[in-house]
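With numbering that gives the first Met the number 0, the residue at position 4 of the sequence shown is 3, and numbering never jumps. C-beta: ideal position from N, C-alpha, C; glycine also.
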Amino acid sequence: MNRGLLLRFENLVQLRGACQQLRALSSREVYGAQWKPVQLSAHPMGSLLLHPQLWPKHRLISAALPQCRHLATKEETKKRRKKIPLTRGEVEIRQNMTVEELAQAMGKDIDHIYEALLYTDINLDSVEPDSILREDYIKIIVQKSGMKYKSAKLKEEKERKNTDAVKRPPADPAVLTPRPPVVTILGHVDHGKTTLLDSLRKTQVASMEAGGITQHIGAFIVHMPSGEKITFLDTPGHAAFSAMRARGTNVTDIVILVVAAEDGVMQQTIESIQHAKNAGVPLILAINKCDKSEADPERVKKELLAHDVVCEEFGGDVQAVNISALKGENLMVLAEATVALAEMLELKADATGLVEGTVIESRKDKGKGPFTTAIIQRGTLRKGCVLVAGKTWAKVRFLFDENGKAVDAASPGIPVEIMGWKESPSAGDEILEVESEQRAQEVVAWRTYVEQQEKMKKDLEIIEAKQKEHRLEYEKKQQKLAHLTWRQRKAVLYKANKHLMFSRSKERTEMDENTLSLIVKGDVDGSVEAILNVLDSYDCEDECKLDIVYFGMGDISENDLNLAEAFNGVIFGFSVKANESIKKMADKKGIKIKLHNIIYKLIEDLKDELNSRLPPAVVETTIGEASVLDTFSVTVGKKKIPVAGCRVHKGLLDRKMKFKLIRNRDVIWKGCLSSLKHHKDDVQVIKTGMDCGLSLDKNLEFSIGDEIICYEEKEVQQTTSWDPGF
Numbered sequence: 000m001n002r003g004l005l006l007r008f009e010n011l012v013q014l015r016g017a018c019q020q021l022r023a024l025s026s027r028e029v030y031g032a033q034w035k036p037v038q039l040s041a042h043p044m045g046s047l048l049l050h051p052q053l054w055p056k057h058r059l060i061s062a063a064l065p066q067c068r069h070l071a072t073k074e075e076t077k078k079r080r081k082k083i084p085l086t087r088g089e090v091e092i093r094q095n096m097t098v099e100e101l102a103q104a105m106g107k108d109i110d111h112i113y114e115a116l117l118y119t120d121i122n123l124d125s126v127e128p129d130s131i132l133r134e135d136y137i138k139i140i141v142q143k144s145g146m147k148y149k150s151a152k153l154k155e156e157k158e159r160k161n162t163d164a165v166k167r168p169p170a171d172p173a174v175l176t177p178r179p180p181v182v183t184i185l186g187h188v189d190h191g192k193t194t195l196l197d198s199l200r201k202t203q204v205a206s207m208e209a210g211g212i213t214q215h216i217g218a219f220i221v222h223m224p225s226g227e228k229i230t231f232l233d234t235p236g237h238a239a240f241s242a243m244r245a246r247g248t249n250v251t252d253i254v255i256l257v258v259a260a261e262d263g264v265m266q267q268t269i270e271s272i273q274h275a276k277n278a279g280v281p282l283i284l285a286i287n288k289c290d291k292s293e294a295d296p297e298r299v300k301k302e303l304l305a306h307d308v309v310c311e312e313f314g315g316d317v318q319a320v321n322i323s324a325l326k327g328e329n330l331m332v333l334a335e336a337t338v339a340l341a342e343m344l345e346l347k348a349d350a351t352g353l354v355e356g357t358v359i360e361s362r363k364d365k366g367k368g369p370f371t372t373a374i375i376q377r378g379t380l381r382k383g384c385v386l387v388a389g390k391t392w393a394k395v396r397f398l399f400d401e402n403g404k405a406v407d408a409a410s411p412g413i414p415v416e417i418m419g420w421k422e423s424p425s426a427g428d429e430i431l432e433v434e435s436e437q438r439a440q441e442v443v444a445w446r447t448y449v450e451q452q453e454k455m456k457k458d459l460e461i462i463e464a465k466q467k468e469h470r471l472e473y474e475k476k477q478q479k480l481a482h483l484t485w486r487q488r489k490a491v492l493y494k495a496n497k498h499l500m501f502s503r504s505k506e507r508t509e510m511d512e513n514t515l516s517l518i519v520k521g522d523v524d525g526s527v528e529a530i531l532n533v534l535d536s537y538d539c540e541d542e543c544k545l546d547i548v549y550f551g552m553g554d555i556s557e558n559d560l561n562l563a564e565a566f567n568g569v570i571f572g573f574s575v576k577a578n579e580s581i582k583k584m585a586d587k588k589g590i591k592i593k594l595h596n597i598i599y600k601l602i603e604d605l606k607d608e609l610n611s612r613l614p615p616a617v618v619e620t621t622i623g624e625a626s627v628l629d630t631f632s633v634t635v636g637k638k639k640i641p642v643a644g645c646r647v648h649k650g651l652l653d654r655k656m657k658f659k660l661i662r663n664r665d666v667i668w669k670g671c672l673s674s675l676k677h678h679k680d681d682v683q684v685i686k687t688g689m690d691c692g693l694s695l696d697k698n699l700e701f702s703i704g705d706e707i708i709c710y711e712e713k714e715v716q717q718t719t720s721w722d723p724g725f
């Protein structure tokens, strides 16, 4: 007990000493002193007291300077924050502006910004002076203030120097040398185009194609016995590959139009003629399958007259050759006709200087990276050349011919496979050689920048149109609230839009259920392009939305599975593979992988997948029909119940089924019967020709002449109304 009292006494002594020190500090009796702990000798328990010790003068000055600097900085900040007077009604805006910065740029106070924000859907409770505003909100605020805006970013970017690569000026005729003609074979699907090339170059390409249908462009050189070379492009005839046929005619000199003698002119035949006309390329008509008994070459020639393809025997300039690609008949006659037309065209090119060409096809090879098939149109391509195509570039590592054999160079008119691209260029892109890798990167950077600017302008136009539409709606709403203060308006708008906050999650769930997310993979760029072109024709968004999450080239990868899992999507692969580990992973995650080699089968599978996403439709099947011949009522308790005396004239009435009452061709009631009687007996079924009395589950009066329909509802799986065109 004595020890406890002693401890309390020591605490009181310490408290008294501390109070004395505080009084001394407040009365500045020890100005410039710092406090130093000293052991009290009178108290052996180790308690401490603070005693003042004077600070040196230089330490006082150094302690005071930061305070002076802090005050000066605050004064400068106040000066900087002063509003800049606005000389013109134009405000320079930029991205990520805060409320305070916008008010300063406009020469307005922050309350003015809050007032203008009432015309937007932003929550003012979350807006502070240092809050960052979206660009569309900034523009609305400026416009509502009666001012105009200009973008500081666009002003700087307009000064950027154009660093794009362009073609060289036309070559001097003296340096031009003869080159092989580039011939494109066009025609309807399965009319024998690939078989024709197969016979010309003595390979088995047609037997390797899926379903006997060319799925992407093949480029080959055919060596004639006379020594001439002809470069052939074999384009697909299927409806989905229209863009690839058009691309083939844009780089060609001559078009061989293949028409089957027994089928005549078909849809893709007409389209091929139009492609050749648009490109200004001369035609040679090859009437194939003339060895068949039902072949009628003369009918083919007459049908082509309707499409302005006039053969020489009818006074035109189109050569017509009857051939059999399968048996090899008259193929040399067709080749000689091609060589003769090429000589008339006097095809020449400049084989010197920087290379120019066109990408015919691009693909990705596992382990080797992006490959492109290209036609060289000017210069001579060699290993080590630096090329630019679209928004990618390459330093050529290897060159291959159509048989996969490495070559050292490719001259004009020669098809070649190029290895060394950083990314896969798009089919149809122009190839240009540049001086160095640094120059190639400059070109790609410029093209990417130009594309971004164009996209930005389009987006800006769309945004401004939407803003104008929304602004008109907001103005109409604000006119009704003009008599209220801005806080009262905010409260009214919050109450009006409160229900939207709770409906978003439900709408999102419904959207997910009615959306088919796709991941599309193809072997080459042209195949992916063809599939995307077909998907662009999808016009049944009201039935099921189609969302293309990702598309690209190459085999199915783990990244594709991750995307499909995240978006609850389906992977469609065209002429690609999925290894066993990928398939097992997909099965484990419940992801569908659909692989096809023929495009129309892929589209049919896609339609089936769309059908599975559609809700079942309820179909009514009529079971029986009866007419109301008389009406009366019966009393049950205190209620009078209308009863109809009917006669069944078709089918039967089943009390378990549903009924509807039709009056003057209008359905005025649907539901179930409360009673069905025959000669005062309750029955379940009334057959044709029998009379009955019935009452409804609703107290509804009958009229003589009403029709009673007995029907059954069944759920039937809907099918999409989308027609891809083939």
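Buried/exposed call for residue i, threshold 16 Cβ in 10 Å
i: residue 371; result: buried
i: residue 611; result: exposed
i: residue 362; result: buried
i: residue 239; result: Only weak support is given to the placement of residue 239: the predicted model assigns it a pLDDT of 41, under 50, and the question is left unresolved by the model.
i: residue 88; result: exposed
i: residue 552; result: buried
i: residue 105; result: buried
i: residue 618; result: exposed
i: residue 573; result: buried
i: residue 528; result: buried
Contacting residues, own chain, Cβ-Cβ under 8 Å from residue i (five flanking each side not counted)
i: residue 130; result: 97, 98
i: residue 55; result: In this prediction, residue 55 has a pLDDT of 45, which is less than 50 and means its spatial position is unreliable; nothing more can be read from the coordinates.
i: residue 487; result: 480
Residue i vs residue j beta-carbon contact at 8 Å
i: residue 413; j: residue 337; result: no
i: residue 357; j: residue 334; result: no
i: residue 554; j: residue 575; result: yes
i: residue 137; j: residue 116; result: no
i: residue 383; j: residue 390; result: no
i: residue 185; j: residue 275; result: yes
i: residue 442; j: residue 354; result: no
i: residue 643; j: residue 701; result: yes
i: residue 651; j: residue 620; result: no
i: residue 447; j: residue 174; result: no
i: residue 324; j: residue 198; result: yes
i: residue 385; j: residue 342; result: no
i: residue 181; j: residue 251; result: yes
i: residue 615; j: residue 715; result: yes
C-alpha distance - residue i paired with residue j, whole-angstrom precision
i: residue 359; j: residue 579; result: 33 Å
i: residue 777; j: residue 396; result: It is not possible to answer for residue 777, since the shown part of the chain is limited to 0 through 725.
i: residue 123; j: residue 538; result: 40 Å
i: residue 392; j: residue 514; result: 37 Å
i: residue 277; j: residue 563; result: 41 Å
i: residue 312; j: residue 258; result: 17 Å
i: residue 458; j: residue 468; result: 15 Å
i: residue 225; j: residue 590; result: 57 Å
i: residue 607; j: residue 581; result: 23 Å
i: residue 403; j: residue 438; result: 30 Å
i: residue 256; j: residue 318; result: 10 Å
i: residue 596; j: residue 429; result: 29 Å
i: residue 577; j: residue 460; result: 43 Å
i: residue 365; j: residue 262; result: 41 Å
i: residue 519; j: residue 411; result: 35 Å
i: residue 557; j: residue 548; result: 15 Å
Within-8 Å CB hit, residue i to chain D
i: residue 705; result: Although the question refers to chain D, the structure presented lacks it and comprises just one protein chain.
Contacts around residue i, its chain only, beta-carbon distance under 7 Å, and the 5 residues preceding and following it disregarded
i: residue 401; result: 218, 219, 220, 414
i: residue 345; result: none
i: residue 109; result: 98, 99, 102, 128
i: residue 586; result: none
Spatial neighbours of residue i in its chain, beta-carbon cut-off 6 Å, leaving aside the 5 residues before and after
i: residue 674; result: 694
i: residue 177; result: 347
Entirely enclosed beta strand (DSSP E) segments - the segment 632-692, minimum 3 residues | 638-650, 657-662, 665-670, 672-677
Could you give the uninterrupted runs of the beta strand (DSSP E) lying entirely in the segment 396-458, keeping only those of 3 residues or more?
-> 414-420, 429-433
Which full runs of the beta strand (DSSP E) of 3+ residues lie inside the segment 343-379, going along the chain?
-> 347-349, 355-364, 368-377
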